[in-house]
Structures are given as structure tokens and as C-alpha cells.
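Heads up, the final residue of the sequence shown is numbered 667 in our numbering, and it's a clean run with no missing numbers. Backbone N, C-alpha and C define an ideal beta-carbon position, used for all residues, glycine too.
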Amino acid sequence: MSQPARTVFRHDADKVAYVRREVNAASDAIRARFPLLDNQNLVGGTVMAVSVSAMLAIAWLYARGALAWYVALPLAAFVTSLIHELEHDLIHLMYFKKTPWVHHLMMALCWLARPGTINPWTRRRMHLHHHKVSGGESDLEEFGITNGERWGVKRLLMIADGMLAVVLRPAAMRRKVKQYVAAQPVQDAAERAQLRVEQVSSYMPIGHVYYALWHAFIVYHVGLFALHAFGVAVTVPVVVERVMRVVDFLAVVWLGPNFLRSFCINFVSSNMHYFGDIDSRNVIQQTQVLNPWWMLPFQLFCFNFGSTHAIHHFVVRDPFYIRQLTARTAHAALREVGVRFNDVGTFRRANRWGAYRPVRRTRGVQQADA
298 MSQPARTVFR
308 HDADKVAYVR
318 REVNAASDAI
328 RARFPLLDNQ
338 NLVGGTVMAV
348 SVSAMLAIAW
358 LYARGALAWY
368 VALPLAAFVT
378 SLIHELEHDL
388 IHLMYFKKTP
398 WVHHLMMALC
408 WLARPGTINP
418 WTRRRMHLHH
428 HKVSGGESDL
438 EEFGITNGER
448 WGVKRLLMIA
458 DGMLAVVLRP
468 AAMRRKVKQY
478 VAAQPVQDAA
488 ERAQLRVEQV
498 SSYMPIGHVY
508 YALWHAFIVY
518 HVGLFALHAF
528 GVAVTVPVVV
538 ERVMRVVDFL
548 AVVWLGPNFL
558 RSFCINFVSS
568 NMHYFGDIDS
578 RNVIQQTQVL
588 NPWWMLPFQL
598 FCFNFGSTHA
608 IHHFVVRDPF
618 YIRQLTARTA
628 HAALREVGVR
638 FNDVGTFRRA
648 NRWGAYRPVR
658 RTRGVQQADA
């Protein structure tokens, strides 16, 4: 039996148009079959209300002793993965665009529920710029989660902790912020200065509270463990014990879930985006579909991001739940045009499309080793 003829594409633009036609057709069919899904405000608002209620319920059950920490923490992490998807859709104005107060309330709830991230209003500018120049020199969003870095202990630490991603490479971050600011369509020096201030203050205040509490939790317990291991008797002041009981509770229901979710989304996203040696405006080269079986635990806490995010780079209009439903059709179209699937070689190539070539810097000029 003869195989169906493959579609012939003359240019990459034809490939992009083909994927968009296929995905839009599948999306339109789903919306026609299930009209409720086309009411994005209702769906988005419901998911937000249910997710926030679920986080509060998990915290209440854990406080009452009805849930063990090892059940409460991953449950809350899964819920925050839904909220992450909502924030991403809100950045693209998919919910309550004509009702600003509701839209911004949802944005604020996203930040409160996921405190280890930069504020969503700052992220909006960064993310929309990412779509324009994905994997390029001024793509601050992807650089921020370690895209382009060689794999090792340093990258692992930076994926796990957004503050360490800044602290462990201050010069590189300053340089990348300058490139990002220079690439923005601003008119004068004052606006550029405002953009720099926006970046410096992007974690304030919620992110700083999160990292202060999370790092205090880690230092306190690691420190006590080390002292006990070396046989050092420690008497913890009563005030400190009381404060740490609160921090321990927050670590299970708020801090730890966000650490787990953030690690999973950063691990998946930072390995599925290409960086550094691509045509940053060519959607074919921007991402891959990364969904091998062994990544299922990571996908669980980032809502199947590795399997569906590439679809979003081609078709921005669909909310996260529509992307999940069109994934099979979208994957077939993506394969047809040559988008890569499960290219795990990016782990050793530092996100490069081709072979990794270390960059030498001499007097501010970048040079790639041959």
C-alpha cells in the first residue's frame, strides 16, 4: 500500500503557515464541538478560583494533620503548575482583556501563588520579546533560566533557584540586561533607565520574601543537621523555634511546592528551547517537542509543557487547555515540517542547534572557537 505523499515546502515560511493552518483547524473544531471551551473568561476564572481554593484547602488539611507533608507538597506543586499556565495566558491577554481589574487581580494572584518568580507585569514585556527573538542575544527570559549554559552543578543550582541564577553570574546578567534593554522600542535615555529599574526590582517584594524564607529554611535545617552530625550540642532560642515552626509550615504548603514546580518548568523549558546559533526569528528553530517517557515526572509539575510549548510558538492565540487537546494534530504537523522531537543532545550542546562552540571574550568582543 502506497504511503501518502509528503507536503512539499519551498520555504520555512510555508512550513510555519502549514502548521498554523493545521493547528487552527483542530482548535476551531474543538471549540465548535465544545462551545464552553470558547468562553475563555469563564474557563480561566474557574481554573483560577479552583486552584487558589485547592491551595488553601491543602494548607488547611496539612495544618490539621490530615495530609502528610509528602502528599501536601506535590499536590500543591501540581496546582501551582495550573496557575503558571494561567499566568502565561494572561500575559497574552487571553482572559478578561476587556475587564482590566479582573485581569490584574488574576495576575496578582498568580504572583502570590508562585512567589519565586518575577512579577508578571515585568515578565509580560520579557515574554513578548522572547517570542520576537527566541534564542537570540537579547532573549533575557530564556537566558534567565540558564539557556545557553553548559551543563554542570552550576546550571543545576541556577535552574533550582532563580536568585542563584543572578548571583552566580552577575557580569553575564548585567550584559544580558543591557542587550535586552537596547533591543526594546523605547524613545530616550529616561525610558531605558526605567527598564533597568524594572529589571532590578522585578522580584520586589514578593520574590524577596519567598527567597528569604526559603533560604532561611534550608540554612537552618542543614546547619542543625551538620552540627548534630559533628556531635555539637545546640540550644535553639525559643523565639527562633517559634518562627521556624511557621517557616516549616510554609515550606510544605507554599515555598516547597514552588521550588518543585519551578525546578521542573525550568528544567524542561531550558532544555527544549534552542539558543545562541539559530535564526531567532525562525519559529522552526526556536523549540523542539521534548516528551520522552523519563521526563514524565517533570511534565507532571509543569502541565505537560515539554510536549505542548512548541505549539504555542507557532499558534499564540490558544489557551493552555486548547493546546493540550490539539497536541496530537499539532505534533503531526510539527513532524511534517521538520521540528525536532526529543533532541536530548541539547544537554551536551548547551541548547545549540548545531555543535557547541565555546565563546571567548576579548575586550568585549565575542569570538566563537572553531
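{"Item": "Under 6 angstroms: does the beta carbon of Phe600 sit that close to some heavy atom of the ligand ATP?", "Value": "Questions concerning the ligand ATP fall outside what the structure shown contains, since it holds no ligand whatsoever."}
{"Item": "Which partner residues does His570 have in the DSSP bridge list?", "Value": "Thr584"}
{"Item": "Taking one C-beta from the stretch 606 to 619 and one from the stretch 313 to 327 each time, how about it: are there three or more such pairs within less than 8 angstroms?", "Value": "yes"}
{"Item": "Roughly how many angstroms separate the alpha carbons of Arg466 and Tyr359, rounded to a whole number?", "Value": "38 angstroms"}
{"Item": "Check whether the stretch 532 to 552 touches the stretch 577 to 587, counting contact only when three or more Cβ pairs, one atom from each stretch, lie closer than 8 angstroms.", "Value": "no"}
{"Item": "Within 10 angstroms of the Cβ of Ser604, are there 16 or more other Cβ atoms? Answer buried if so, exposed if not.", "Value": "buried"}
{"Item": "Do Cys407 and Ile442 have their CB atoms nearer than 7 angstroms?", "Value": "no"}
{"Item": "What does the Cβ neighbour count give for His606, buried or exposed, with the cut at 16 atoms within 10 Å?", "Value": "buried"}
{"Item": "What are the boundary residues of the alpha helix (DSSP H) that includes Asp545?", "Value": "Val535 to Leu547"}
{"Item": "If distances are taken between C-alpha atoms only, which option among Phe306, Arg558 and Val305 comes closest to Thr377?", "Value": "Arg558"}
{"Item": "Give the list of continuous beta strand (DSSP E) stretches no shorter than 3 residues that lie fully inside the stretch 426 to 496.", "Value": "none"}
{"Item": "If you follow the alpha helix (DSSP H) that Met404 is part of, which residue opens it and which one closes it?", "Value": "Pro397 to Ala410"}
{"Item": "Below 8 angstroms on the Cβ atoms is my contact criterion, and I expect Met460 with Tyr508 to pass it. Report the Cβ-Cβ distance as a whole number of Å.", "Value": "5 angstroms"}
{"Item": "Alpha carbon to alpha carbon, what distance is there between Val506 and Glu495?", "Value": "18 angstroms"}
{"Item": "Can you tell me the Cβ-Cβ gap for Phe564 and Phe595, rounded? I've got them flagged as a contact below 8 angstroms.", "Value": "6 angstroms"}
{"Item": "With DSSP as the reference, identify every bridge partner of Phe638, one or two as the case may be.", "Value": "Val586"}
{"Item": "So which of Val399, His401, Glu438 and His427 has the shortest CA-CA distance to Thr414?", "Value": "Glu438"}
{"Item": "In chain order, what residues of the same chain have a beta carbon less than 6 angstroms from the beta carbon of Ser703, not counting five sequence neighbours either side?", "Value": "Beyond the ends of the chain as shown, which are 298 and 667, falls residue 703; an answer cannot be given."}
{"Item": "Give me, in chain order, the residues of the same chain whose beta-carbon lies closer than 7 angstroms to that of Val337; leave out the 5 immediate sequence neighbours on both sides.", "Value": "Just to set this straight, residue 337 is Gln in the shown sequence, not Val. The residues are Met391, Tyr392 and Pro616."}
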